[in-house]
Amino acid sequence: MAAATYYARKHRHGKAEISGDEAIFIYRNGVMVEANAAGLRLLAGQGKSENSWRALRRLLAERFPDFPANQGTVQDQETTVLAPLNAQDTSVITIDQWQDVARVSILSQKISDIDGPPIETEISLRAPYPIWICDNTGAITWCNFAYHNFALSLGHVRAQKPPHLFDIPAQKPGPLPWRVGIDQQSEALTYWFDVTAVSLKHGTVFFAVDANTIVSAEMTQRSIVQTLSQTFAQLPTGLAIFDRNRRLVLFNPSLTALTDLPASVLSDHPTITAFFDALRESRIAPEPQSSKPWQEHVADIIRSAEQGGYCETWELPSGKTYRVTGRPQPDGAIAILFDDISAEMSLTRRFRSDIDIAHAALDALDDPVALFSQSGEHLLCNHAYRSFWKADPDTSFAPYTIHDATTLWASEVCDTPAWQDFRSAVLSKGTRQIWTGTLALRTFGLVDVALTPIAGGATLVRFRRSATRDVTQPA
């Protein structure tokens, strides 16, 4: 029976049933609420009258330095077994904790007594996991009920000597546990345990804690990472995901292609700072534009990525251009994305160059010229147009359309049949047709106007002072 279950059954109505020769203490929220006779004798022998958890720790800390400083556990229930610092000391402390209750038992026995039924019964009732003792030759001299029942579940028959179930490395006991897997052949299962060893005078005691949940979680995590890696393998975007500890846990092939960082380096799970240092050495990450040190620059990038506001364009010495984006992810992780936008930037530069050339070509004309899109939006005008009409559509905050231009022209053009025809032609919602004619302006006299449709549905409007000089203007 598991220790927590066994103890909970005896405390169902709030009062403990404590018996036996070992010292037993019951604590609730750090205050002792009950102790057996052996426990009270232990306290009385030390001249202690305090009933707090910390008082008990001060009493035991010299022999058991790992005794918890405070009562409590983050788990629903927990059992802890502590061995003394001195190998000659054969005492063992068992701490069972659940909710706000803790049960502390201090058991002191000789190694030769452990084979006896009282000790076997006590320990097996408290320990929900296998415990066994080996002598100096490696032979098992004792095991608890959990070990025995586990052996039977694996198909071993009852015998006087317990079978060896755990393949433990031949090394001295230490504070770190071994991860051991035991196969269940009949069901094709593997049971995982974390085994800890504690030295005793005449051998070693082993404690095996169930690690199936941990192993399952690790396998699930690896499966998810592999699935994500396969999903992102075909993406042209370079992807680097760092966990909450800021170590690289996932990357795709595009990242190695874009950054020239070897896959072996990325597979070592570098920290995010080491990752940016490697990019700097490869001349991928640009130097900070300010006089700020590199490490502070990287720290700023990480903070911006954590807040979801990092997006920069990196101009590389090779001529390539990368857009680097940082985004926060669940569980405190962050993702760094690398997009090669060299073609996009080249096209943008070429488009801007074409626009500049078109502006220069129009400015070289002496006649006022304006260009409108098929939908009527203003695209370009030259210096002569801005000077002639005393307007600059290119600096307008609001979208400037052909309707705005028509309103401007109407303020100077006399209302003649030619103007009405021109206005209808230029404001046509369908495909505009070629139109030429002469308009009378109140200030400048006669002006020849040409409306010419060009590629893409755009329309070019050109004004030229008429060869006929001043004429009598209509009222």
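The opening residue of the sequence shown carries number 7 in the working numbering; numbering runs sequentially from there. Note that the Cβ used here is the ideal one computed from N, Cα and C, for glycine as well. Quantities reported herein were computed from a predicted structural model and do not represent experimental measurements.
### Message
Spatial neighbours of D106 within its chain, please: C-beta separation below 6 Å, excluding the five flanking residues on both sides.
### Response
R34, N35
**Of the residues I408, V419, E418, A424, the one placed nearest K435, counting alpha carbons only** = I408
Distance, Cα to Cα, F365 vs F344?
According to the sequence displayed, residue 365 carries His and not Phe. In a straight line, the C-alpha of H365 is about 35 Å away from that of F344.
Quick check for students: name the residue ranges of the beta strand (DSSP E) that lie wholly in the segment 235-283, counting only runs of 3 or more.
244-248, 254-257
Q) Among F281, A152, I307, which has the Cα closest to the Cα of R253? A) F281
Q.
Across the segment 287-303 and the segment 261-269, are there enough close Cβ pairs to call them in contact, namely three or more that are closer than 8 Å?
A. yes
**Asked** Is P399 helix, strand or coil by DSSP?
**Response** helix
_I'd like the span of the alpha helix (DSSP H) that includes Y135, first residue to last._
Careful: Y135 lies outside any alpha helix (DSSP H) and carries neither H nor E.
- Should I139 and V201 be called a contact, given that it needs their Cβ atoms to be closer than 8 Å? no
Original post:
Any idea what DSSP makes of H384, helix, strand or coil?
Top reply: strand
Rounded straight-line distance, which links the Cα of I278 to that of L353
33 Å
Inset, instruction - Indicate whether the contact test is met: 3 or more Cβ pairs, each with one atom in the segment 326-342 and one in the segment 303-312, closer than 8 Å. - result: yes
* **Best match in L195, D400, S205, P242 for proximity to V221 [C-alpha to C-alpha]** => L195
*Using beta-carbon positions only, say whether L88 and F70 come within less than 8 Å of one another.*
yes
How would you label E293, buried or exposed, when you count the other beta carbons within 10 angstroms and need 16 or more for buried? exposed
query = Can you give, in chain order, each stretch of the alpha helix (DSSP H) that sits fully within the segment 423-470 and has at least 4 residues?
reply = 423-432
As assigned by DSSP and simplified to three states, the class of S205: strand
| said: I'd like the span of the alpha helix (DSSP H) that includes R355, first residue to last. | reply: 348-369
Based on the DSSP output, what are the partners of I408 in its beta bridges?
-> Answer is none; I408 lacks a bridge partner.
Taking just the CA atoms, how far does S114 sit from N92?
13 Å
Through-space distance from D141 to T147, alpha-carbon basis: 7 Å
Worksheet item: Between A284 and V271, which are expected to be in contact by the criterion C-beta below 8 Å, what is the C-beta distance as a whole number of angstroms?
Response: 6 Å
Buried or exposed by the 16-neighbour rule on C-beta atoms within 10 Å, applied to R60: exposed
How far does the alpha helix (DSSP H) with S159 in it reach, from first residue to last?
151-159
Measure the CB-CB distance between V330 and E318 and report whether it falls below 8 Å.
-> yes
_So the candidates are S97, A424, F403; which of them puts its Cα closest to the Cα of I112?_
S97
Leaving aside the five residues before and after I120 along the sequence, list all residues of the same chain whose C-beta is less than 7 Å from its C-beta, in chain order.
-> Reliability fails at I120, whose pLDDT of 42 lies under 50, so the model's placement of it is uncertain and no value is given.
### Task
Verify whether the separation of the beta carbon atoms of R438 and P459 is less than 8 Å.
yes
- Message: Rounded to the nearest angstrom, what separates R250 and D274 at their Cα positions?
- Response: 17 Å
Taking the C-alpha atoms as reference points, what is the distance between R468 and I247?
57 Å
Legend entry - Endpoints, the beta strand (DSSP E) within which I290 is located: Careful: I290 lies outside any beta strand (DSSP E) and carries neither H nor E.
So, under 8 Å CB-CB, A214 and Y135 are touching, yes? Tell me the CB distance rounded to an integer number of Å. 5 Å
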